[in-house]
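Since the structure comes first, as structure tokens, the remarks are kept for the end.
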Amino acid sequence: MSQSAMQEITCPKCGKKHSFQVWDSINTLEFPEMKEKVRNDEAFRYRCPDCGATALLNYNFLYHQQEDKILIFVDADGSSYGDMEKILKQRGNAFDGYRKRIVLSYNDFKEKLLIFDAGLDDRIVEIIKSSIWDNVEERYKDKHIDEIYFATNEDGENGFLFRKEGHMVASMEFDKALYNAIKEAALSRIDAISRDDLIIDRNWAKTIVARLG
Ligand SMILES: [Zn+2]
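Numbering of the sequence shown is given in our numbering, commencing with residue 105 and proceeding in unit increments.
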């Protein structure tokens, strides 16, 4: 079920108030156009009818891509993680067999979509990213990289983007052979120890790699 409401937004530039559609939950089977609109930011980009200023709104919502059994809760303000965790961990309901995730930022949400759209397992991608992070911190500390994100370019090629203070400073190709090798060697063990894990991020990857030995 999708739920949205009109909410009054104060323009960050001119201060005038206008209403904007804000979503509590988005079901892409019910509203197929939302699939594209969350990917190109249209669903969350407020545009002021008075002065034309735009702002990307950051709020909590549940993203339900029912046709692909994907459920992602975006806890943008960090307030609902505990409650959502309890709900998502329940079994024996319509969401059995789903990939369920909780992400703590809008950027993390977009990254999950890119990974799933590429047909990849985000757990393996995070394990690869974690080793890239280790390498960056060991050898390239002077570059002050503060974000690494999985990305897909216009030609559909996957890679990682390295950012410093919001600006891209480097990129690297996605090593599909490495991905396949990890998947082959460790997927069943990863499944066994982390099937109910909801937050798949760098800390998760570190823990899992340590447990895999
Ligand atoms: Zn305005």
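Cβ coordinates follow ideal geometry from the N, Cα and C atoms, glycine included.
Fair warning: this is a prediction, and the values are worked out from it, not measured in the lab.
What whole-angstrom Cβ distance do residue i and residue j have, given they're in contact under 8 Å?
i	j	result
SER129	GLN107	5 Å
GLU189	ILE176	Their Cβ separation, rounded to whole angstroms, is 13 Å, which puts GLU189 and ILE176 out of contact at 8 Å.
ASP179	LEU208	6 Å
LEU160	ASP181	Actually they do not touch by this definition, with Cβ atoms about 14 Å apart.
Give the straight-line distance between the Cα atoms of residue i and residue j, rounded to the nearest whole angstrom.
i	j	result
ASP279	VAL240	16 Å
THR114	CYS152	9 Å
GLU230	ALA309	6 Å
GLN333	LEU133	Within the shown structure, residues of the chain are numbered from 105 to 317, placing residue 333 beyond reach of any answer.
GLU140	ASP154	26 Å
ALA274	ASN197	43 Å
ILE174	LYS204	6 Å
ASP301	ASP172	19 Å
ALA316	SER235	The amino acid occupying residue 316 in the given sequence is Leu; Ala does not appear at that position. One C-alpha to the other measures close to 14 Å.
ILE312	TYR283	16 Å
GLN169	ALA285	28 Å
THR158	ASN211	18 Å
VAL126	TYR167	13 Å
LEU224	ALA109	33 Å
HIS271	HIS248	11 Å
SER202	ASP238	Reading off the sequence shown, one finds Tyr at residue 202, where the question assumed Ser. One C-alpha to the other measures close to 31 Å.
Please state the DSSP three-state secondary structure of residue i.
i	result
GLN169	strand
ASN307	helix
TYR253	strand
GLU277	strand
PHE124	strand
ALA159	strand
GLY263	strand
ASN131	strand
TYR244	coil
ALA147	coil
LEU175	strand
LYS117	coil
Below 8 Å CB to CB, which residues in the same chain sit around residue i once its five sequence neighbours on both sides are set aside?
i	result
LYS233	ILE252, PHE254, PHE264, ARG306 and ALA309
CYS118	CYS152, ASP154, CYS155 and ALA157
Using a Cβ-Cβ cut-off of 6 Å (strictly less than) and excluding sequence neighbours within five positions of residue i, which residues of its own chain qualify?
i	result
ARG227	ILE294 and ILE304
ASN162	ALA180 and TYR210
CB of residue i to nearest heavy atom of ligand 3: below 6 Å?
i	result
ASP154	Ligands in the displayed structure: ligand 1; ligand 3 is not one of them.
Which residues in the same chain as residue i place their Cβ atom closer than 7 Å to its Cβ, once the five residues preceding and following it in sequence are excluded?
i	result
ARG149	THR158 and LEU160
ARG143	LEU217
PHE135	SER106
Count the C-beta pairs between the stretch 242-252 and the stretch 263-278 that are closer than 8 Å, then say yes if the count reaches three, no if not.
yes
Do the stretch 241-248 and the stretch 209-220 make contact, defined as three or more Cβ pairs closer than 8 Å?
no
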